[in-house]
Structure formats: structure tokens, C-alpha cells
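Novice: Numbering (this note's numbering), first residue to last: 15 to 355.
This is the structure I want to talk about, given as C-alpha cells.
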């Protein structure tokens with residue numbers, strides 16, 4: 015069994031963390047079953063957020079009375095101190111606990127510091143003094159904010175996208191965290207569903223002994239794949255290396271990661287899926303996406319106002335309107351039979 019030590023937090027867990035964003039999409043009973051199945055098969059680390067609707071509530075329901083047996087990380091998207099305390103108290107109530115192991119600023123556009131105008135870091139310190147949180151973390155999609163957080167020495171963990179589609183700059187973040195004894199939590203280890211070989215994803219990340227991947231799961235078969243890796247972790251070999259090389263050739267570049275920070279769209283375009291539809295159609299089951307509801311979603315792109323709100327909010331600096339148009343043209347060609355998939 016492979017384990018990860020999350021830097022100076024001294025938290026040690028196996029290299030499988032449960033990403034609880036997807037359990038918003040299933041019933042409370044199904045979510046509780048999935049969470050308990052994960053726990054009783056060896057998964058101890060659960061990552062959620064206030065923004066994930068009822069995800070915290072489902073975790074609290076699943077693990078009531080078992081608090082000392084699991085590790086909980088959650089997040090606040092608060093932009094001011096008042097909302098910070100509201101979020102924290104709501105999270106504690108939902109999770110049915112009196113403390114959170116790692117409390118994280120959720121994709122915040124700057125790096126909170128003691129004494130700054132926001133007051134957010136000072137609120138974190140106060141919450142820690144009160145025993146309501148144990149460790150202070152930050153999540154982000156922006157390299158500049160992530161690097162500032164590492165260099166500041168103020169944070170115990172960084173959560174950042176990391177997979178075998180990583181760039182050299184992403185790898186530098188991982189190495190910097192190790193040098194600073196800062197825990198690195200890898201979100202989007204399957205790149206928002208574009209990576210379909212979980213064994214290859216696991217084998218790649220296993221090369222970094224300071225990285226804890228959180229796997230977003232909502233189905234039993236998905237969970238069981240990762241459970242199987244606890245005792246039989248995939249290792250890098252020629253076959254897996256070939257899969258990774260092929261995917262990197264196909265996917266590296268200007269592609270939408272599906273993070274959703276460009277949303278909402280003023281005309282209702284589901285940007286986080288529509289801007290990467292070409293890849294989704296070629297890498298995952300696609301029949302539903304070509305059906306009536308899928309066509310209705312894609313055709314909304316024709317109503318784009320070109321207001322560039324999505325472009326200005328993209329943490330990867332993508333030209334989102336251009337990506338949407340490119341994906342719509344490809345989609346129409348597939349529907350017309352001009353392009354085979």
C-alpha cells in the first residue's frame with residue numbers, strides 16, 4: 015500500500031483520496047452507500063467544499079459517530095470575513111463535526127495574508143486557535159497564486175490540478191511543495207474525464223511521493239477501480255508509458271479542463287462541457303451527447319454574445335468563445351456524417 019505524508023500537517027494517508035464533488039449528482043442514500051464502501055475498503059481522506067451543494071451533508075450523514083477514523087478537507091469560497099464564518103459554521107454543521115482537518119480557500123483569485131484588506135487569513139488563524147480547523151490550505155487553478163502561496167510559507171497544503179497532462183510549470187509546483195514541506199493535493203487527476211485510463215493516471219502520480227490524488231467518483235464501479243489500487247497499485251511500465259505518451263500527443267495544448275470557473279453564461283451555454291465536446295465525443299460514451307438534449311445544449315453556442323466574460327474568468331487563459339465555436343463546428347460535422355468518430 016502506498017502512502018502520502020501531506021507535508022508539515024503530518025497527515026499520512028494512502029494514495030487514494032475521495033473527491034466528493036460528484037456525489038452532488040446522486041441521491042443521499044446512494045452517496046452514503048458509496049462513502050461507506052470507500053471507508054470500509056481503506057479510503058480515509060475525503061475532500062469536499064461549501065460550493066458542492068449537499069456534498070458535505072452526505073459526508074456528515076455517512077460518517078456520523080466515526081469522526082476520529084477519517085480525514086476531512088473542505089473549502090470556503092468566501093470573499094469577506096462575515097461569509098468566511100458563515101461558511102465554516104455551515105460546514106461544521108453539515109459534516110456533523112466540531113473540527114475540520116484541512117480548511118482551504120477555494121480557488122481564490124489572490125493569496126490571503128495576515129493583515130491584508132480581506133481579513134480572510136486572520137479569520138483562518140482565529141478559527142485554528144478556536145480548534146475549529148487544524149490545518150490551513152489553499153486551492154487554485156492559477157500558477158501565479160499557487161506559487162505565491164508556496165513562497166509565502168503561510169499554507170500547509172496546496173490543491174492544484176495535476177495529472178499526466180501536466181506541464182513543466184505544474185511539475186515545478188509539486189517539487190517546490192516538497193522542498194517547502196507543504197502538502198500537495200492533486201485535483202483533476204483524470205483531467206475532468208478526458209483521461210480514461212485510471213491505472214495510467216495512478217501510475218504516473220505514484221512517481222511523486224508527496225502528491226495525494228483525489229479521485230472524483232459517483233459510481234460503484236469507478237470507486238472499486240481505485241479501491242483495487244490500494245493493495246495492487248499500478249506501476250509505470252512500457253505499456254502504461256505508451257498510453258500516457260499517446261494521450262499527451264492528443265490532448266496537450268489549448269483544451270478546456272472543465273473546471274467551470276467560467277460559469278454562469280448569460281445565455282445559458284454549458285461552457286464547461288461544450289468547450290471540450292470534441293474531446294468528450296472521442297474519449298467517452300457519446301450517444302447521449304448526440305441526442306436531442308445534447309444538440310439543444312450545443313446549439314446554444316449560436317446565441318453567444320461574445321461578451322468575453324468566460325474568457326476573462328478562465329484560469330488557463332483560454333480563448334473560450336473561439337473554443338466554443340470550434341467545438342460547435344466539429345459537432346455539426348459529426349451530426350452530418352462528415353466526420354467519423
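Yeah, the Cβ is synthetic: ideal placement off N, Cα and C, and Gly gets one too.
Give me the Cα-Cα distance between residue 175 and residue 50, rounded to the nearest whole angstrom.
Specialist: For residue 175 and residue 50, the distance between alpha carbons rounds to 26 Å.
Novice: Per DSSP, what kind of secondary structure is residue 34 in: helix, strand or coil?
Specialist: It is coil, neither helix nor strand.
Novice: Using DSSP bridges, identify the partner residues of residue 149.
Specialist: DSSP lists 116 as partners of residue 149.
Novice: Determine the DSSP secondary structure at residue 25, reduced to helix, strand or coil.
Specialist: Of the three classes helix, strand and coil, the one that applies to residue 25 here is coil, per DSSP.
Novice: Which runs of the alpha helix (DSSP H) at least 4 residues long sit entirely within the stretch 278–329? Give them in chain order.
Specialist: The qualifying runs are 285–288, 291–297, 306–313 and 323–327.
Novice: Determine, using beta-carbon pairs with one atom in the stretch 312–329 and one in the stretch 250–259, whether at least three such pairs fall under 8 Å.
Specialist: Touching, no, given that fewer than three Cβ pairs across the two stretches are closer than 8 Å.
Novice: Using only the alpha-carbon positions, how far apart do residue 250 and residue 189 sit?
Specialist: Spanning the two alpha carbons is a distance of roughly 20 Å.
Novice: According to the neighbour-count rule (16 or more other Cβ atoms, all chains shown, within 10 Å of its Cβ), is residue 289 buried or exposed?
Specialist: Classification of residue 289: buried, given that the 10 Å Cβ count is 16 or more.
Novice: Can you confirm whether the stretch 20–35 touches the stretch 125–137 when touching is taken to mean that 3 or more C-beta pairs between the two stretches lie within less than 8 Å?
Specialist: In short, these stretches do not touch, since the Cβ pair count stays below three.
Novice: Compare the C-alpha of residue 27 against each of 226, 283, 334 and 46 and name the closest.
Specialist: Of the candidates 226, 283, 334 and 46, the one whose C-alpha sits nearest the C-alpha of residue 27 is 226.
Novice: Would you list the one or two residues that DSSP bridges to residue 18?
Specialist: Partner(s): 27.
Novice: If we count the other Cβ atoms within 10 Å of its Cβ and call it buried at 16 or more, is residue 128 buried or exposed?
Specialist: Exposed, since its Cβ has fewer than 16 Cβ neighbours within 10 Å.
Novice: Between the C-alpha atoms of residue 283 and residue 143, what's the straight-line distance to the nearest angstrom?
Specialist: Taking the straight line joining both Cα atoms gives about 44 Å.
Novice: Less than 8 Å separating the beta-carbons of residue 164 and residue 140?
Specialist: No. Outside cutoff.
Novice: So, at 7 Å on beta carbons, what are the nonlocal neighbours of residue 101 in its own chain, with the 5 sequence-adjacent residues on each side left out?
Specialist: 64, 90 and 92, listed in sequence order.
Novice: Nearest-angstrom Cα distance between residue 230 and residue 264?
Specialist: Taking the straight line joining both Cα atoms gives about 23 Å.
Novice: For the beta strand (DSSP E) that residue 57 lies in, which residues bound it at each end?
Specialist: From DSSP, residue 57 is part of no beta strand (DSSP E); its letter is neither H nor E.
Novice: Near residue 211, what residues of its chain come up, given a Cβ to Cβ distance below 7 Å and the 5 sequence neighbours on each side ignored?
Specialist: Correct list, in chain order: 257.
Novice: So what's residue 52 in DSSP terms, helix, strand or just coil?
Specialist: The answer is helix: DSSP assigns residue 52 an H, G or I state.
Novice: Give me, in chain order, the residues of the same chain whose beta-carbon lies closer than 7 Å to that of residue 279; leave out the 5 immediate sequence neighbours on both sides.
Specialist: Excluding sequence neighbours, residue 279 sits near 285 and 324.
Novice: To the nearest angstrom, how far is the alpha carbon of residue 95 from that of residue 340?
Specialist: Looking at the two C-alpha atoms, the distance is approximately 42 Å.
Novice: Report all residues from its chain with a CB closer than 7 Å to the CB of residue 302; omit the five preceding and five following residues, and keep chain order.
Specialist: Cβ neighbours of residue 302 beyond the five flanking positions: 308.
Novice: Using C-beta distances below 6 Å, list every residue in its chain close to residue 328, excluding the 5 sequence neighbours before and after it, in chain order.
Specialist: Once the five neighbours on either side are set aside, the close Cβ partners of residue 328 are 276 and 334.
Novice: Which residues does DSSP list as the beta-bridge partners of residue 229?
Specialist: Residue 229 is bridged to 32.
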